[in-house]
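Scroll down for the structure; my scribbles are underneath it.
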Amino acid sequence: MSDAAVRAVAVSKIYGEGGTRVVALDDVTADFGRGAFTAIMGPSGSGKSTLMHCLAGLDSVTSGQVFVGDTEVNGLDDKRLTVLRRDRIGFVFQSFNLVPTLTAMENITLPLDLAGRSPDRAWLDTVIDTVGLRDRLNHRPSELSGGQQQRVACARAMAGRPEVIFADEPTGNLDSRASAEILGFLRQTVDQVGQTIIMVTHDPVSAAYADRALFLADGRIVDEVEDPNAETVLTRMKRFDAPADRQG
Amino acid sequence: MFRLAVKGALARKLRLALTAVSIVLGVAFVSGTYVLTDTLNATFNQIFGNAEHGVSVVVRGTQSFGGQGGGGSADERNLVPDSVLQTVRHTQGVSSAIGVADGYAQLVYQGKAVGNGSAPTLGSAWVGNVPANPLRIVSGRPPAVTGEVVIDQHSAQKFHIPLGTGAEAIVQGQSVPVHIVGIVRFGKDSTLAGATLTAFSPQQAQLLLLGQAGVWSTVQATAAPGVTQPVLAARISQSLSSVPNVQVMTERAYVADQSKRFKDQLKFFNILLLVFAFIAVFVAVFIIFNTFTVLVAQRTRELALLRAVGAGRRQVMAAVIGEAALVGVVSGVLGLFGGVGVAAGLRALIEGLSGGGLVTVGLQIHPRTVIVSLVVGTVVTIVAAIVPAVRAARIPPVAAMRDDFTLPTASLRRRTRLGAVTLVIGAVLLGTGVNGGSALQIGIGALLMFRGVVALSPLLSRPIVGGIGRILPRVWGVSGRLARENALRSPRRTAATASALMIGIALTTTMSIMAASITTSANAQIDKSVGADFIITAKNFGPVPDPVAGQIAKLPGIAGVTSFRNGDMKVGGSREQITGVTPDTVAQTLRLRVTSGSTSSLHGPAVLINHQTAKSKHLKVGDPLHVTFALTGPKTLTVGGVFDDNPIAGKYLLGMSTYDANFRNRLDVVIAVKAATANALNSLRAELAQVLKATPTLELRDQSEFKQNQKRQINQVLSFVLALLVLSLVIAWLGIVNTLALSVFERTREIGLLRAVGMAAGQVRRMVRLEAVVIALFGALLGVVLGIGYGTALVQALHSQGIDTTSIPVNQLILYLVIGVLAGITAAWWPARRAGRLNVLGAIATE
């Protein structure tokens, strides 16, 4: 077993054909270490979201291989992909992260309920206390603030002890205080229980919470920074002055 | 704004398609009804016009009061003596004249009754090749002597009856052997609307059909060239001024009078169909309303943007209404064509079933049909879209900038309060209406109750849908839980979808309760008031010839045979049904409990009356009763006895001799047979069957078969009504499909999220299906409950008609709930498939 929780091997993703052909990912190879918090950075259109979608089995790759643990993701059928996402991956999205008809608690246990698994009570308690939602469990998303909703989303991602959590701009819709809270939880989970997290962001401050930052431009990994802080990341980002918005 | 409306409609054509289909179906029902009844009406016109072809003036006997659809004896008139024919022939301006003798004649060929379903079997006289005679001989020759007949071509072909063969003709009072010497057509048609015809020589026709020589049913005159109908009628009236009991009419007036009954029946049929067509259209209203409400909600930002860039409220409203109008017009046109297609199909079906020749005119598409179809399609759609349009106009421009803007909705509290009040008023009206109130009051009560339930349904959806939904999470886990929550999410949408289904199910339930109650009551009445062991009737409510009862009475092992004949008489200005019976046996066969007087009085000019009539008219045995018969005019009868109310005996019983003295009819409607002992019923049955063999139209039933037959007839009516309701149910079903499709569309991102966090496609499909089942079951439940209310109320209202037992067919009602569940499952098939196939990435990436 390799040390990486998630691996991308020579992954390419091409949309369209002929004149409309767009290379979103161009021969990307990367390892995402177990228990590490990795940020994928890049300007818009760099392919960072596409990379995350491919790594998480939400999108298929045109060529190359993706592994979650020892499982090769490409080639799995819809059923197995669903089970993979449900049992081994956690998601935190930028917005619309919760099911509006379910309470906070029900949202948190949703993947477990879908699998028909009963939650590990002690772990669930730990997660709930970590995100500080004990008194909000019976509220529906519409009764929670944006920050609280995102905390519920984090708790849901953690509840099933997934091998890896993918976070797609998790603080994109939040103010700076709520953002700091959310990123703090993610960091804490990595430090305390060795959770693997892969986060897509374009915000240098967010990236500073990660152990490592990968920089994407035009579908290629162009750089990587260990133990990034806001300044190093910002400096690196500034070098992407060549406009690369081929893709929304 | 018009361009915007057109573009809007085109952009949303998939979402509008189901709505359009529901309108198309409703409008097709309306236009199909008009086209069909107009076509039948035109057919009648042509038939009656053909039959009297070449006739200018008709002379017929008078009657004391007019028949109006009772048929048979109710329409009895005085006969016209042959001398009138001679007088008419010699009146100036008459080129020729004929006597018509017509009546009941049933041809029996090789043991088979020659006939066309329930079409009449007619006898008439062959009166030669004159313009007034509609019959034309196509092969053979006219009847020359007694015993020779000509028959219609359609019957000859259908029953393979060759020229020159022998057959039997059953007429009033007897059965005679006939020899078929010719085949005739009606003008150019082989049949007169499916009726079979046997034409005798004039003398034999008079004796067999009218019961005496030297008389005619009518005398019909053809005018000389240049003489108009009114002029000739005036001249004939002049020359007949001294002849009593005849009336002279122009051909036009006569045809109108003759066809009136058929046209009245057709009008009733037309209204009946239209009622169900409008129920279907009404169901469609809920679907249109739902669709436009959802579309407006989905387009909140787009409409707000319009407002922000300068569109006025009216313009936004006009855009939505315009879109509705466009959908309405297109659907109206399609519905019109659909209806014409359905009518064409039904016409072909009628032709196919009857063997052709019945519907002799093409499809009648009147301007009225076109106008009504288009107006119904358009107006209904616009009216249903008004509320959503008004709501669209209320969207503030600022909504364009905000992500989370939702349209404010009128408080459910006001709607609930209004609904509760409406429901209570409706229930009170219905409740008091059924105990002697008017039909109008009952109708308004039922309608208000319906309005009330619709208004309350969003509120009811919470406990009921929530209650039904409670088992879902237990059985189906998260899918079930989400399905329940989704169904509860938009109470108005759920309620409108369920209400559409509720209408059909409520009416279905009402009809089923009525049918079950009528069956139960009829069975109880048969048990209580039929003492006969065997009951003989003719197929299709046809008549039983007079001699049959006499032949049966001669069989050994018979305790009594009672003949029943129907007729009308006037008592104190109101028209009453009477029954002529065999006096000595009626007490046995009808279990008649005579409380004063006796049945033997019926041998004289007496009348037996039921208890209720005796009470209301303050009559007792020996009192005179002044009555009027259509044929014989005013008479005085003596009250010979009073019997306990008996639904089969009715109000007035006459002895057969009194009946025969005042009615020309000699045909029974029923013969009831009582066996001497109960232990030889099987052998008696065989003997009866032997007697009836000569008259193949007759049917022999024992008491339980008789009950079965009653039940079967009631269920036939029920099936017919339910068939008319099917379209409403189909439209309601489309409504469920529509709501689910719109909801799935609206929840694309949510479904994407669910899929992303691990919901399998199968679980998504199940979630959508279960939501549909819950909504459908909610609608079916409301419908069944409302239907039970309506049904029991209507049965209560019919108490005085002898429907005194309320019977709730629980199994059928459960079946309707199951149908509701199945409707939900099938309606969800396509939306669920779509939801399951949603591309996860596409769904969550929609920004």
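Residue numbers (my numbering), protein chains in the order written: chain L, 14 to 261; chain Y, 191 to 1037.
Each residue gets a CB set at the ideal place from its N, CA and C atoms; glycine is no exception.
Computed from a predicted model, the values in this text were never measured in an experiment.
- According to DSSP, residue pairing for P271/Y in a beta bridge involves V405/Y.
- Residue environment: Y222/L is assigned as buried (16 or more neighbouring CB atoms within 10 Å of its CB, all protein chains considered).
- Interface residue (Cβ-Cβ distance to chain L less than 9 Å): G1010/Y is not classified as such.
- Under the three-state reduction of DSSP, K457/Y is assigned to helix.
- Residue pairing for Q1002/Y: DSSP places it in no beta bridge.
- Listed in chain order, the alpha helix (DSSP H) elements of length 4 or more contained wholly in the region 783-827 of chain Y are 801-806.
- Annotation: A223/L has no Cβ neighbours in chain Y at a cutoff of 7 Å; minimum Cβ distance is about 22 Å.
- If you ignore the 5 residues before and after V24/L, its C-beta comes within less than 8 Å of the C-beta of L38, D40, V41, T42, L64, C67, V74, S76, G77, Q78, V79, all in its own chain and listed in chain order.
- The beta carbon of L526/Y sits no closer than 9 Å to any beta carbon of chain L.
- Looking at the DSSP output, I341/Y bridges to I373/Y, T388/Y.
- By the criterion of a C-beta distance shorter than 6 Å, A514/Y is surrounded in its chain by T571, I572, A575, once the five residues flanking it on both sides are discounted.
- DSSP lists R20/L, E85/L as the bridge partner or partners of F80/L.
- In the three-state reduction of the DSSP assignment, N730/Y falls in the helix class.
- Under DSSP, no beta-bridge partner is assigned to I965/Y.
- The alpha carbon of L1031/Y has as its nearest neighbour, out of R34/L, D91/L, P241/L, E85/L, the alpha carbon of D91/L.
- Any Cβ of chain L closer than 9 Å to the Cβ of V668/Y would place that residue at the interface, and such an atom is present.
- Within chain L, the C-beta atoms nearer than 9 Å to that of Q953/Y come from T95, L127, in chain order.
- Using a CB distance cut-off of 9 Å, P132/L does not count as an interface residue toward chain Y.
- The region 1007-1021 of chain Y and the region 947-967 of chain Y touch, with three or more beta-carbon pairs separated by less than 8 Å.
- The beta carbon of I615/Y sits closer than 6 Å to the beta carbons of L638 from its chain, once the five residues preceding and following it are set aside; these are given in chain order.
- A distance of 9 Å or more separates the beta carbons of L215/Y and I693/Y.
- When DSSP states are grouped into helix, strand and coil, A295/Y belongs to the strand group.
- When 7 Å is used as the limit between beta carbons, R679/Y is near these residues of chain L: T114, in chain order.
- Following the DSSP letters along the chain, one finds I661/Y inside the alpha helix (DSSP H) bounded by residues 661-679.
- Within chain L, no residue has its beta carbon less than 7 Å from that of M692/Y; the closest one is some 24 Å off.
- Contact check between the region 220-239 of chain L and the region 43-50 of chain L: three or more CB pairs, one atom from each, fall below 8 Å, which counts as touching.
- Look at the region 936-968 of chain Y: the residues with a C-beta under 8 Å from a C-beta of chain L are R939, E940, L943, L944, R945, A946, V947, G948, M949, A950, A951, Q953.
- For Y224/Y, the CB contacts under 6 Å within the same chain, skipping 5 residues up- and downstream, are T559 in chain order.
- Using a CB distance cut-off of 9 Å, L602/Y does not count as an interface residue toward chain L.
- Within the region 888-907 of chain Y, no residue places its CB atom closer than 9 Å to a CB of chain L.
- Contacts with chain L at 9 Å (Cβ-Cβ) do not include V484/Y.
- Residues of chain L whose Cβ lies closer than 8 Å to the Cβ of L672/Y are, in chain order, V112, T114, L115.
- Taking a 10 Å sphere around the C-beta of N1029/Y, we find fewer than 16 other C-beta atoms and assign the residue as exposed.
- Going by C-alpha positions, G670/Y is about 12 Å away from L678/Y.
- Here F349/Y carries a coil assignment [DSSP, helix/strand/coil].
- The Cβ of E244/L sits no closer than 9 Å to any Cβ of chain Y.
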